[in-house]
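Step one of this worksheet: look at the structure below.
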């Protein structure tokens, strides 16, 4: 579990070419949430979250949960 937490933290700080970026900024306004399912890696889950955030015109996202064993499920709050 500790390894997953460290990896998720690393994913949150990675730089992405997509419009929506990971955030820890408290002054953004939440505009909803997005989820992805059946992902095989944390990088794939983060990419799926970023793509969904971009589709919903979010400027930032914050991954709030990742669970699963062979297939990962992730949830994120999106911000404007």
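In mature numbering (1 follows the signal peptide of the UniProt record, and there is no 0), the protein residues as written are -19 to -1, 1 to 61.
We treat Cβ as the ideally placed atom computed from N, Cα and C, and that holds for glycine.
In this text the structure is predicted, and so the values were computed from the model without any measurement.
Beta-carbon gap between residue i and residue j smaller than 7 Å
| i | j | result |
| --- | --- | --- |
| residue 57 | residue 35 | no |
| residue 18 | residue 41 | no |
| residue 43 | residue 4 | yes |
| residue 45 | residue 12 | no |
For residue i, the residue or residues it bridges with in DSSP
| i | result |
| --- | --- |
| residue 29 | Answer is none; residue 29 lacks a bridge partner. |
| residue 13 | 59 |
| residue 2 | 41 |
Nearest to residue i (by Cα), restricted to the options the options
| i | options | result |
| --- | --- | --- |
| residue 16 | 50, 33, 61 | 33 |
| residue 9 | 49, 39, 30 | 39 |
Proximal residues to residue i (C-beta, below 6 Å), its chain only, five neighbours per side dropped
| i | result |
| --- | --- |
| residue -13 | At residue -13, the pLDDT of 49 sits below 50, so the modelled position is not reliable; the number obtained from the coordinates is stated separately. Answer for residue -13: 23, listed in chain order. |
Cβ-based neighbour list, residue i, same chain, cut-off 7 Å, excluding 5 preceding and 5 following
| i | result |
| --- | --- |
| residue 26 | 17, 20, 47, 53, 55 |
| residue 14 | 56, 57, 58, 59 |
First and last residue of the uninterrupted beta strand (DSSP E) at residue i
| i | result |
| --- | --- |
| residue 48 | 41 to 48 |
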